[in-house]
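Asker: Have a look at this one.
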Amino acid sequence: MIIVEHLNLFFGHGQTRNHAVKDVGFIVEKGDSFGLVGESGSGKSTVLNCISGLLTHWTGRMEIDGVGLTHKRNMAFCRKVQMVFQDPYGSLHPRHTIDRTLKEPVKIHRLGDANRRVARVLDEVGLGAKFRFRFPHQLSGGQRQRVAVARALILDPEIILFDEPTSALDVSIQAELLNLLQDIRREKKLTYILVSHDLAVVSHMCNTLMVMNRGKTVETITRDQLKNGAIQEKYTKQLLVAGKGYDRTAIDQFQDFR
Amino acid sequence: MTEKTPLLTVTDLSVVFPSSKGDVCAVNRVSFAMGREKIGIVGESGSGKSVTGRAVLRLLPPYARVRASEVTFKGRNLLTYSEKQMRKIRGMEISMVMQDPKYSLNPVRTVGEQIREAYTIHHKAGKKQARQKTLDMLKAVRIRNPEQVYGLYPHEVSGGMGQRIMIAMMLIPEPSLLIADEPTSALDVTVQLQVLAILDDLVSERGMGLIFISHDLALVSSFCDRVIIMYGGQIMEVVDAGDLHKSEHPYTKGLLSCLPKIDGTQDHLPTLVRDDAWLKPVSERANGAAAS
Chain D
1324 MIIVEHLNLF
1334 FGHGQTRNHA
1344 VKDVGFIVEK
1354 GDSFGLVGES
1364 GSGKSTVLNC
1374 ISGLLTHWTG
1384 RMEIDGVGLT
1394 HKRNMAFCRK
1404 VQMVFQDPYG
1414 SLHPRHTIDR
1424 TLKEPVKIHR
1434 LGDANRRVAR
1444 VLDEVGLGAK
1454 FRFRFPHQLS
1464 GGQRQRVAVA
1474 RALILDPEII
1484 LFDEPTSALD
1494 VSIQAELLNL
1504 LQDIRREKKL
1514 TYILVSHDLA
1524 VVSHMCNTLM
1534 VMNRGKTVET
1544 ITRDQLKNGA
1554 IQEKYTKQLL
1564 VAGKGYDRTA
1574 IDQFQDFR
Chain X
1184 MTEKTPLLTV
1194 TDLSVVFPSS
1204 KGDVCAVNRV
1214 SFAMGREKIG
1224 IVGESGSGKS
1234 VTGRAVLRLL
1244 PPYARVRASE
1254 VTFKGRNLLT
1264 YSEKQMRKIR
1274 GMEISMVMQD
1284 PKYSLNPVRT
1294 VGEQIREAYT
1304 IHHKAGKKQA
1314 RQKTLDMLKA
1324 VRIRNPEQVY
1334 GLYPHEVSGG
1344 MGQRIMIAMM
1354 LIPEPSLLIA
1364 DEPTSALDVT
1374 VQLQVLAILD
1384 DLVSERGMGL
1394 IFISHDLALV
1404 SSFCDRVIIM
1414 YGGQIMEVVD
1424 AGDLHKSEHP
1434 YTKGLLSCLP
1444 KIDGTQDHLP
1454 TLVRDDAWLK
1464 PVSERANGAA
1474 AS
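Those protein sequences? They're chains D and X, same order as listed. The first sequence begins at 1324 in our numbering and counts up by one. The second sequence begins at 1184 in our numbering and counts up by one.
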């Protein structure tokens, strides 16, 4: 179980200080899939970076399986929590083969048996042995993102954090990757936190989702509520309308939420 | 709005990029005709949709081999035009909005100056008049404080505002055809729709034609009158936007069904099965002509 309470984070100093995350809190049950939705600048990725330990100057309380998180994380935390990033082109080392990229976490955590582990995860993400000794530039965007998922899986984590995993991919490739992520989660009983700007992707993947705007929580709703349209907040409603495509009359009613 | 006087006719357009591993046929015998309407070109990455748009304006790098039997704009054959004549077409008659305003604007000049330049290149006008025209245009793209925005540099404006500035710049010479290459893909959904609404209103008011290039089939079908669906450099089909959901083509159906839906289930999404039979072979004519 992941508990986040009163999470606050500032960027910058003095006059330009930006309150990027304002008192955000949520609970994710073990084995569940939780979505964070919002537009750019809403703080959704920042929350994820706080959980993963990439940002260390947050205040508040975070807890995973009853253990409070400190600003500095240990090796055990990294084995438990892994992350997949947005840009499949930027997140793999261009001069390391897939094999070397995947073996690095095994080496760092001194798990041993690297060859068998690499073969296993490549199989799990549907890439197979023929991709093992290729370089990232020899793979397509969808295949690279699969490698990024494989790198997260190789340590057998319990929680995976996804930061816009499919926004750089074509819709057909997005469908394949989302299917893969669903399968892996069900099979290995993993906990997911998924950040996306796309309400449809989040509702497909997650049972509970939190809508954020300008660093604040707008509301936390279940997937069924979203489906039935049982939404309280105007902001979420607007996001829902906007996701349905171009409608000239609806656009005139759009508001700017501050 | 949709009177069918062909504004632009393209017949058998092929674009070949030479590479060390053999020639790559990015666009293969694409033909379409459009009037003063909103037409969408949809496809995945690598389908040749952007190259098609750029080929019409001859904005491709010199090593690209472009062949066509006809590119006619308002009854004028663009294939015979020299580079100097094309310069009169670009901006004045056909203009193009690119994807990312951050890279398309000059970072060291204010946005006002840049929009004004677009006007003064094509129209004889005094400084004062051009400035007034620019401010009016900024107002037309619903920028609330045009005077202030006029003096801003590109890094000081947001993505949505940057794209509105691009639209203002492209529409100020009053072209009759606008090619928009993924104009809103980098924007948030609500901002995206607001920018599209501005584009829609201006295009309708001025009776212009619009070629809207995008990867987002759902968006294009709700925004455009007709949709061209491209795959592997070829046109798969041309459908009226309203009839898109009735489309029988396996590729169009595949693209539509692989989108996750809010009211759908969490089961597996259908994936797209590609079929080489959809593509007609690269024609001898395109290859032979390109090789000459």
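We treat Cβ as the ideally placed atom computed from N, Cα and C, and that holds for glycine. Treat the numbers as computed from the prediction; the structure is a model and nothing was measured.
#1: How many Å lie between Gly1309/X and Gln1409/D at the Cα?
#2: Starting from the N-terminal side, write out each stretch of the alpha helix (DSSP H) that is 4 residues or longer and does not extend beyond the region 1347-1417 of chain X.
#3: Using a Cβ-Cβ distance cut-off of 9 Å, determine whether Leu1513/D contacts chain X.
#4: Does the distance from the C-beta atom of Ala1301/X to that of Pro1356/X stay below 9 Å?
#5: Which runs of the alpha helix (DSSP H), 4 residues or longer, sit entirely within the region 1417-1504 of chain D?
#6: Please state if the CB of Gly1223/X and the CB of Arg1389/X are separated by a distance shorter than 9 Å.
#7: Since Glu1330/X meets chain D, which of its residues come closer than 9 Å, beta carbon to beta carbon?
#8: Can you pull the DSSP bridge partners for Asp1423/X?
#9: What's the call for Tyr1515/D, buried or exposed, on a 16-neighbour Cβ count within 10 Å?
#10: Whole-angstrom Cβ separation of Pro1358/X and Gly1274/X, contact assumed at under 8 Å?
#11: Consider the Cβ of Ile1483/D: report whether some Cβ of chain X lies at a distance smaller than 9 Å.
#12: Cα separation between Pro1453/X and His1428/X?
#13: Could you check whether the Cβ of Val1407/D sits closer than 9 Å to any Cβ belonging to chain X?
#14: Does DSSP classify Tyr1515/D as helix, strand or coil?
#15: Have a look at Ser1230/X and Gln1449/X and give me their C-alpha separation to the nearest angstrom.
#16: Is it buried or exposed, Lys1367/D, if we count other Cβ atoms within 10 angstroms and call 16 or more buried?
#17: Please check the pair Leu1445/D and Arg1455/D, which I expect to be a contact at CB under 8 Å, by giving their CB distance rounded to whole angstroms.
#18: Just the Cα atoms here: how many angstroms apart are Gly1236/X and Val1249/X?
#19: Using beta-carbon positions only, say whether Tyr1333/X and Val1372/X come within less than 9 Å of one another.
#20: What in chain X is Cβ-close to Val1524/D, meaning under 9 Å?
#21: Output yes if chain D places a C-beta closer than 9 Å to the C-beta of Thr1454/X; else output no.
#22: Does any CB atom of chain X fall closer than 9 Å to the CB of Gln1497/D?
#23: For the putative contact between Gly1358/D and Met1528/D, defined by C-beta atoms under 8 Å, what is the C-beta separation to the nearest angstrom?
#24: Do the region 1423-1430 of chain D and the region 1471-1488 of chain D meet, that is, are 3 or more Cβ pairs less than 8 Å apart?
#25: Note down the Cα distance separating Thr1565/D from Ile1544/D, rounded to an integer number of angstroms.
#26: If the criterion is Cβ atoms closer than 9 Å, does the pair Ser1375/D and Met1406/D meet it?
#27: Span of the alpha helix (DSSP H) holding Asn1341/D?
#28: Are there 16 or more other CB atoms within 10 angstroms of the CB of Asn1551/D, so buried, or fewer, so exposed?
#29: For the region 1398-1406 of chain X against the region 1200-1207 of chain X, are there 3 or more C-beta pairs whose distance is under 8 Å?
#30: Going by CA-CA distance only, name the one from Leu1478/D, Leu1504/D, Gln1461/D and Gln1576/D that's closest to His1432/D.
#31: Measure the alpha-carbon distance for Phe1577/D versus Gly1451/D and round it to whole angstroms.
#32: What separation, rounded to the nearest whole angstrom, lies between the Cα atoms of Asn1341/D and Asn1331/D?
#33: Shorter than 9 Å from the beta carbon of Gln1346/X to some beta carbon of chain D?
#34: Taking DSSP as the reference, what is the three-state secondary structure of Ile1325/D?
#35: Using three-state DSSP, classify Leu1439/X as helix, strand or coil.
#36: Quick test of your reading: Ile1298/X and Met1344/X, contact by CB under 8 Å. State the CB separation rounded to the nearest angstrom.
Answerer: Well, looking at it:
#1: Answer to the nearest angstrom: the Cα atoms are 49 Å apart.
#2: Entirely contained in the region 1347-1417 of chain X, the alpha helix (DSSP H) runs reaching 4 residues are, in chain order, 1372-1389 and 1400-1406.
#3: For Leu1513/D, the answer is no, since every Cβ of chain X falls outside 9 Å of its Cβ.
#4: Yes, the Cβ-Cβ distance between Ala1301/X and Pro1356/X is below 9 Å.
#5: Qualifying alpha helix (DSSP H) stretches, in chain order: 1421-1431, 1437-1447 and 1464-1476.
#6: No, these two residues do not count as a Cβ contact at 9 Å.
#7: Neighbours of Glu1330/X in chain D, taken as residues at a C-beta separation under 9 Å, are lacking, since the least C-beta distance is about 21 Å.
#8: Arg1409/X.
#9: Tyr1515/D comes out buried.
#10: Sure, about 7 Å apart at Cβ, within 8 Å.
#11: Not an interface residue.
#12: About 16 Å.
#13: Any Cβ of chain X closer than 9 Å to the Cβ of Val1407/D would place that residue at the interface, and such an atom is absent.
#14: Here Tyr1515/D sits in strand by DSSP.
#15: In a straight line, the C-alpha of Ser1230/X is about 29 Å away from that of Gln1449/X.
#16: Per the 10 Å Cβ criterion, buried.
#17: At roughly 6 Å, the Cβ-Cβ gap stays under 8 Å, so Leu1445/D and Arg1455/D are in contact.
#18: About 12 Å.
#19: No, Cβ-Cβ distance for Tyr1333/X and Val1372/X is not below 9 Å.
#20: Within chain X, the residues Pro1443 have their CB atoms less than 9 Å from the CB of Val1524/D, given in chain order.
#21: Judged by the 9 Å Cβ criterion, Thr1454/X is in contact with chain D.
#22: Yes, contact with chain X.
#23: Right, their Cβ atoms sit about 7 Å apart.
#24: Counting C-beta pairs with one atom in each stretch, the region 1423-1430 of chain D and the region 1471-1488 of chain D have three or more that are closer than 8 Å, which means they touch.
#25: Here residue 1565/D turns out to be Ala, not Thr, going by the sequence shown. It is roughly 18 Å from the alpha-carbon of Ala1565/D to the alpha-carbon of Ile1544/D.
#26: Going by C-beta atoms, Ser1375/D is nearer than 9 Å to Met1406/D.
#27: Note, Asn1341/D: premise wrong, no alpha helix (DSSP H); beta strand (DSSP E) at Asn1341 to Val1351.
#28: In this structure Asn1551/D is exposed. Its beta-carbon is surrounded by fewer than 16 other beta-carbon atoms within 10 angstroms.
#29: Not touching, per the Cβ criterion.
#30: Considering only alpha carbons, the answer is Leu1478/D.
#31: Between Phe1577/D and Gly1451/D, the C-alpha separation is close to 47 Å.
#32: Rounded to whole angstroms, the gap between the alpha carbons of Asn1341/D and Asn1331/D is 11 Å.
#33: Chain D contact via Cβ: absent.
#34: DSSP places Ile1325/D in the strand class (E or B) of the three-state scheme.
#35: Correct three-state label for Leu1439/X: helix.
#36: Contact doesn't hold; Cβ gap of about 13 Å is too wide.
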